[in-house]
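In what follows, a single structure is set out as C-alpha cells and then discussed.
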Amino acid sequence: MVPERLPTVLLMRIGILGNGEMADALGTGWARAGHEVVAGSRSGDVGLREAARSGTDAVLLALPYEAAVGVVTELEDVLRGRVLIDCTNPVGGPDFTLRTAGGPSAAERIAAAPTAHVVKAFNLCHVDVWRLTPPVFDGRPLAVPLCGDDYFALCVVRRLARDLGCEPLNAGGLDRAGLVEATAALLIGLWVGEGADAQAIAPPMAFAGPRG
Ligand SMILES: NC(=O)c1ccc[n+]([C@@H]2O[C@H](COP(=O)([O-])OP(=O)(O)OC[C@H]3O[C@@H](n4cnc5c(N)ncnc54)[C@H](OP(=O)(O)O)[C@@H]3O)[C@@H](O)[C@H]2O)c1
51 MVPERLPTVL
61 LMRIGILGNG
71 EMADALGTGW
81 ARAGHEVVAG
91 SRSGDVGLRE
101 AARSGTDAVL
111 LALPYEAAVG
121 VVTELEDVLR
131 GRVLIDCTNP
141 VGGPDFTLRT
151 AGGPSAAERI
161 AAAPTAHVVK
171 AFNLCHVDVW
181 RLTPPVFDGR
191 PLAVPLCGDD
201 YFALCVVRRL
211 ARDLGCEPLN
221 AGGLDRAGLV
231 EATAALLIGL
241 WVGEGADAQA
251 IAPPMAFAGP
261 RG
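Numbered by this note's numbering, the letters in the sequence shown go through residues 51 to 262 in order.
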C-alpha cells in the first residue's frame, strides 16, 4: 500500500540549512538528479528560514552539531511535519570523542526540538565521498544507514540516497541514531587519528555470523 503522504511527483523540493561543504556536496548531487534545491545560511542572501520554507519535501540539516538544536528550535514553526535529514556528527576534540556521550544522540536532541520527522543519514563519510558521481567502490555502491521512526520520511530519504548512486540501508529507529553517530566517531578516529584502514574492521558478509 502506498502511503498518502508519499510525493506524487518524482522531483522534490529540498531546503538545506547551511551552505558549507556538506550542503554543497549533497545539494549538488540532488540538483543533478533534477530536484529543486535551496540552501540558506545565517549570513548569505538566502536565510535559514527561507531555505527551511523551500524544503517542502525534505530539509537537510547541514550545520555544526553545536548550532543544530538551537536553529531547529527557532525554525520549529516552519519545520513542523517536514522530513528533516540530520547529517551532523557530534564529534570533536583531539580524541574524536562524542559530544553527546552519556545522553541522547544528536538526532534525538534535534527530534526533541521540532515536530519534524527526523532521519539520521549521510554522516558516516567525508564530504569528498558525497561528491563522487557515483560513490561506488570496487563495483559496490556505498551503503547509507538510515535511522528514523516515520515510514514516509524514510521512503523520501531512501530515494534521495539512491539519487546519489548509493544503496540505502535500514538501520532501525531514531533510538539507534546514537550508534551511527558513535560509529562515525570510531571511524573518524581510526581514519584521521590513526591513519588506519578502518574499512578493514568488518569481515566479508560470509563471516558476519548467524543472521537473526
Ligand atoms: N565535512 C564533512 O566531511 C562531513 C561529513 C559528514 C558529516 N558532516 C557534518 O555535516 C555538518 C556540516 O558540516 P560541513 O562540513 O558542511 O560544515 P561547514 O562547511 O563548516 O559548513 C557549516 C555551515 O553551518 C553554518 N553555521 C556554522 N555555525 C552556525 C551557527 N552557530 N548558526 C547557524 N549556522 C551556522 C555555516 O555558516 P557560516 O558560513 O555563516 O558560518 C555553514 O553554512 C556538521 O554537523 C558535520 O559534522 C560533515
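All residues carry an ideal CB built from backbone N, CA and C; glycine is no exception.
Quantities reported herein were computed from a predicted structural model and do not represent experimental measurements.
H176 has its CB nearer than 8 Å to a heavy atom of ligand 1. In this structure, the alpha-carbon of P260 lies about 22 Å from that of P218. Looking at the backbone, the Cα of P254 and that of S93 are separated by about 46 Å. E126 sits away from L224, with the two beta carbons spaced by 9 Å or more. In the displayed model, E158 falls within a helix according to three-state DSSP.
Annotation note: the segment 94-176 contains the following uninterrupted alpha helix (DSSP H) runs of length 4 or greater, listed N- to C-terminal: 98-104, 115-124, 126-129, 156-162.
Secondary structure at R92: coil, using DSSP grouped into helix, strand and coil.
By alpha-carbon distance to L134, the top candidate from S91, T165, V194, G189 is T165.
Remark: C-beta atoms of P154 and G228 approach each other more closely than 9 Å. Cα atoms of G198 and L210: separation of roughly 15 Å, rounded to the nearest angstrom.
When C-alpha distances from D200 are compared across A161, P114, G215, the shortest belongs to A161. Taking the Cβ of A101 as the reference point, every heavy atom of ligand 1 lies at 8 Å or farther away. DSSP, reduced to helix, strand and coil, places R181 outside both helices and strands of the structure shown, so it counts as coil. Assigned with DSSP and collapsed to three states, G84 falls in coil, not helix or strand. Looking at the backbone, the Cα of V177 and that of R212 are separated by about 17 Å. Straight-line spacing of the CA atoms in G90 and F172 works out to 19 Å. Per DSSP, the beta bridge partners of A193 are E217. Excluding the 5 residues flanking it on each side, E100 has same chain C-beta neighbours closer than 6 Å at G90, in chain order.
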